[in-house]
Amino acid sequence: PIRAFLFDLDGVIVDTAIYHYQAWKRLANELGFDISEEFNEQLKGVSRMDSLDLILAHGGLTLSDEKKNELAAQKNQWYLELVSRMTSDDILPGVATFFSQVRKAGLQTALGSVSKNAPLILERIGMADAFDAIIDGTKITKGKPDPEVFTKGAAELEVSPAECVVFEDAVAGVEAGKRGGMFVVGLGSPDVLTQADLVAPSLNDLTVDQVLTKAQ
Ligand code: B16
Ligand code: MG
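In this text, residue positions in the sequence shown follow the UniProt record's numbering: the first is 2, and each later residue adds one.
Structure, rendered in structure tokens:
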């Protein structure tokens, strides 16, 4: 049976992708090129350094590790300025209702985010106590599509992968859940999230019962 739900943060609980995009775009512009919203899709669920590498390759730049660390720190500073203004109003529609159903169903919950800023964001939106386990970018060595962020969540909850459902909005995150041996609910477009076992536009369009019926 399903015993735990594992949630991605950005794109599932909150929409921080827009802030990541604004901060990366500002950085690219300072370096003399631009990134589009379409390009930004590739950055979703991807770690900070891997994102920077993709952006620099896009701009045709090769830089030293020292310079890259400096740029990543600058982007994060801009990103944090945007995140610091977040409140519970930034929680995506349907999340609160879905979480109360999760509790009623007696399921465990974990956060599976590659963001090193995940605890800060949870604090800002008032959801720091909403999860039984929190796996963030400081607890993993490999970002999505590696399954580590979700397998660690399952381990911390003491459940097996087959007992978990992952909720993800990113292609890399859906792949991570599947590679971890879990049932994956994709939140977004079925044309994009082709590997997901079930796809809905957002948590607002799903009930816990619907998910459990499909997953077990
Ligand atoms: P940070 P998720 C991911 O969060 C974002 O989708 C991705 O765009 C970002 O680069 C990554 O976190 C690292 O974030 O720079 O804050 O450590 O989707 O795994 O919740
Ligand atoms: Mg995401």
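For glycine and all other residues, C-beta sits at the position ideal for the given N, C-alpha and C.
Remember, predicted model here, so these are calculated numbers, not experimental data.
Problem - Check: Gly-174 C-beta below 7 angstroms from any heavy atom of the ligand MG - result: If you number the sequence shown from 1, residue 174 lands on position 173. Indeed, a heavy atom of the ligand MG lies less than 7 angstroms from the Cβ.
Problem - Status (buried if at least 16 other CB within 10 Å, exposed otherwise) for Gly-154 - result: By 1-based counting over the sequence shown, the position of residue 154 is 153. With 16 or more other Cβ atoms within 10 Å, it is buried.
Handout entry: Cβ-Cβ separation, Leu-112 to Phe-8 (assumed contact under 8 angstroms), whole Å
Key = Position 7 of the sequence shown, counted from the first residue, corresponds to residue 8. Position 111 of the sequence shown, counted from the first residue, corresponds to residue 112. Yes, they are in contact, since the Cβ atoms of Phe-8 and Leu-112 sit about 6 angstroms apart, within 8 angstroms.
Practice task
Using DSSP bridges, identify the partner residues of Ile-92.
Solution key: Position 91 of the sequence shown, counted from the start, is the residue given in the question as residue 92. Note: Ile-92 sits in a beta bridge opposite Val-15.
Exercise for the section: Using beta-carbon positions only, say whether Asp-133 and Ala-119 come within less than 8 angstroms of one another. Expected result: What you label residue 133 is simply residue 132 of the sequence shown in a count that begins at 1. What you label residue 119 is simply residue 118 of the sequence shown in a count that begins at 1. No; because the gap between Cβ atoms is not below 8 angstroms, this pair is not in contact.
Problem - Buried/exposed call for Gly-107, threshold 16 Cβ in 10 Å - result: Residue numbering aside, residue 107 sits at position 106 when the sequence shown is read from its first letter. Exposed, since its Cβ has fewer than 16 Cβ neighbours within 10 Å.
Practice task
Pull up the CB-CB distance for Leu-188 and Ala-201, whole angstroms please, since I reckon it's below 8 angstroms.
Solution key: Position 187 of the sequence shown holds residue 188. Position 200 of the sequence shown holds residue 201. Yes, Leu-188 and Ala-201 are in contact; Cβ-Cβ is about 6 angstroms, under 8 angstroms.
Practice task
Kindly indicate which residue of Thr-214, Ser-203 and Thr-142 has the alpha-carbon position closest to the one of Asp-16.
Solution key: Counted from its first residue, the sequence shown places residue 16 at position 15. Of Thr-214, Ser-203 and Thr-142, the residue nearest in Cα terms is Ser-203.
Exercise for the section: Identify every residue that forms a DSSP beta bridge with Phe-8. Expected result: On the sequence shown, position 7 is the one that residue 8 refers to. DSSP output for Phe-8 lists Leu-112 and Phe-168 as bridge partner(s).
Handout entry: C-alpha gap between Thr-139 and Ala-171, whole angstroms
Key = Here residue 139 is taken as the residue at index 138 of the sequence shown, counted from 1. Here residue 171 is taken as the residue at index 170 of the sequence shown, counted from 1. So the two alpha carbons sit approximately 20 angstroms from each other.
Handout entry: Distance, Lys-69 Cα to Glu-31 Cα
Key = Position 30 of the sequence shown holds residue 31. Position 68 of the sequence shown holds residue 69. Looking at the two C-alpha atoms, the distance is approximately 14 angstroms.
Practice task
Assign Phe-34 to one of three DSSP states: helix, strand, or coil.
Solution key: Taking the first residue of the sequence shown as 1, we reach residue 34 at position 33. Three-state result, Phe-34: coil.
Practice task
Pick helix, strand or coil for Ile-135, following the three-state DSSP scheme.
Solution key: The sequence position of residue 135 within the sequence shown is 134, counting from 1. Reduced to three states, the DSSP call for Ile-135 is strand.
Practice task
Please determine if the segment 142-162 and the segment 174-185 are in contact, where contact requires at least 3 C-beta pairs separated by less than 8 angstroms.
Solution key: yes
Problem - Sequence ranges, beta strand (DSSP E) only - wholly within the segment 58-94, length at least 3 - result: none
Exercise for the section: Answer yes or no: do Leu-194 and Lys-215 have a C-beta to C-beta separation smaller than 8 angstroms? Expected result: Residue mapping note: residue 194 aligns to position 193 of the sequence shown, counting from 1. Residue mapping note: residue 215 aligns to position 214 of the sequence shown, counting from 1. Contact flag unset, no.
Problem - Where Val-175 falls: helix, strand or coil (DSSP) - result: Taking the first residue of the sequence shown as 1, we reach residue 175 at position 174. Val-175: helix per DSSP, three-state reduction.
Handout entry: Rounded separation between Val-96 and Leu-158 - CA only
Key = Looking up residue 96 in the sequence shown gives position 95. Looking up residue 158 in the sequence shown gives position 157. When rounded, the distance between both Cα atoms is 21 angstroms.
Exercise for the section: Can you say whether Thr-152 is buried or exposed, counting buried as having 16 or more other CB atoms within 10 angstroms of its CB? Expected result: As a position in the sequence shown, residue 152 is number 151, starting the count at 1. Classification for Thr-152: buried.
Problem - Cβ shell of Lys-26 (< 6 angstroms), same chain only, five flanking positions each side left out - result: Locating residue 26 in the sequence shown gives position 25, where the first residue counts as 1. Result list for Lys-26: Ile-36, in chain order.
Practice task
Verify whether the separation of the beta carbon atoms of Ile-14 and Met-128 is less than 8 angstroms.
Solution key: Locating residue 14 in the sequence shown gives position 13, where the first residue counts as 1. Locating residue 128 in the sequence shown gives position 127, where the first residue counts as 1. Contact: yes.
Exercise for the section: Go to Val-200, then tell me how far its beta strand (DSSP E) extends in each direction, as first and last residue. Expected result: If you number the sequence shown from 1, residue 200 lands on position 199. 199-201 is the span of the beta strand (DSSP E), which, as asked, contains Val-200.
Handout entry: Ala-5 beta carbon less than 8 angstroms from that of Thr-98
Key = If you number the sequence shown from 1, residue 98 lands on position 97. If you number the sequence shown from 1, residue 5 lands on position 4. Contact flag unset, no.
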